[in-house]
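Heads up: the structure comes next, in structure tokens.
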Amino acid sequence: MIQVCSVCGTRWNVRDKQRQWCPRCQGALLAPSAGEQVAAPASGWHRSPGAAAGPHPLPSGYRWIAVRPGAAPSQQRRRRPLGPTPRYDFIPRWGLFDHIEPASAESAPARSGPSARVIRLTLYTAAAVMIAAAVVHAIRYLLLIINRTTLLPRFVALPAVWLGVLFSVAVLFAVIGCAVVMTGWLIRRRAAVFAHLGHQDPRSAKALWAGCLIPVVNLVWAPVFVIETATAENTYQRMRKPILVWAVLWVLCTGVSVFAIATSFTTDAQGIADNTVTVTLAYLLSAATVATLARVYFGFERKPVERPAHRWVIVAADSGPSELRGKAEPQTAVEPGSQEPAA
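Residue 538 in my numbering sits at position 120 of the sequence shown, with consecutive numbering throughout.
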């Protein structure tokens, strides 16, 4: 870059740095000119002393412009217009589907025991069959009373006899089915409860089946198994009354049923009538036993195994039940002093 002195006219090669004063005569240097040659003249850095300083052809005003090193910056692209906002006449379905892999058969837990629908159907069917059998035997007892003075027609006597036999067989199958289904449910419930607690059921499945299905033995062991399950779930205080009522009704039903079977071989008219009353009472007690058993079942199923039996509430550490009750009561009287308190 060449700068010319305004006094002596010497041209100075200042390279890339602008200077203000001439090194020779301390005159002011003119602004650098883009038209000057970068190379220095052959005669040296200055002109001869006799050279006249003529008018300089360069313009007077120049400014420096800083440019970063490297290639020139690329021109910024203009964003094309996006267009109008899209509108949909219905909810778009793209992106709303969650692809869930089906669980393999190995990872799915094996479900043992009857389902809730089968259990409810078995209990309701058994109770309905027992009530129907009690009604049939009550009608049969009424026909026995009528038959003391009046001979019954054949088309009335035969259906009364065979309907009683048919419903007695149906009640037998209903009792067996109810016992098997509820034993399967008890085994599955106990397995789930003890697995949630972190250990296995202390009683084997064979012991549970034997204790619930063997007659007379199940009067003791089946309630024991149910009480153990309720204690493990920490719900025995809530389930104690339904379990006790079911156990007492089961013992009474078994006793009346055994007495009805023992007196069913009589041949006199009064013995047959008494046996019919006993069988009717046994069927009513059986229906009541199944109803209380259903209450026990729904009491267990109302609380899942994983859900805790108690709900904890946060209270202040220094406040007890008596203090909470004292804070709940109003301290000021509602009525004015001149009026009687409200009843």
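Where is the CB? At the ideal position from N, CA and C, for every residue including glycine.
- Around Thr-647, the same chain offers Leu-604, Arg-607, Arg-608, Val-611, Phe-718 as residues with beta carbons nearer than 8 Å, after the five sequence neighbours per side are excluded.
- By the neighbour-count criterion, in which a residue is buried when 16 or more other Cβ atoms sit within 10 angstroms of its Cβ, Phe-643 is buried.
- The residues Leu-541, in chain order, have a CB closer than 7 Å to that of Ala-712 in the same chain once the five nearest residues on each side in sequence are set aside.
- Between Leu-667 and Thr-707 the beta-carbon gap is near 4 Å, inside 8 Å, which marks them as a contact.
- Counting only the Cα atoms, Met-657 lies some 34 Å from Ala-556.
- For the stretch 648 to 703, the full-length alpha helix (DSSP H) segments reaching 4 residues or more read 654 to 680 along the chain.
- With 16 or more other CB atoms across the displayed protein chains lying within 10 angstroms of its CB, Gln-421 is buried.
- In this structure, Val-589 is the residue among Val-589, Thr-681, Cys-630 with its C-alpha nearest to the C-alpha of Leu-703.
- Leu-448 carries a coil assignment under DSSP once its states are collapsed to helix, strand and coil.
- Trp-639 sits in a helix when the DSSP states are folded into three classes.
- Taking the Cα of Gly-595 as reference, the smallest distance to any Cα among Pro-450, Leu-576, Gly-616, Arg-538 is reached at Arg-538.
- Sequence-distant partners of Glu-651 (beyond 5 residues in either direction) whose C-beta falls short of 8 Å from its own C-beta, in its chain, are Val-611, Phe-718, Lys-721, Val-723, Ala-727.
- For Val-697, the closest of Ser-682, Ala-709, Thr-710 by C-alpha to C-alpha distance is Ser-682.
- When secondary structure is reduced to three states using DSSP, Arg-429 falls in the strand class.
- In the structure shown, the three-state DSSP call for Ile-420 is strand.
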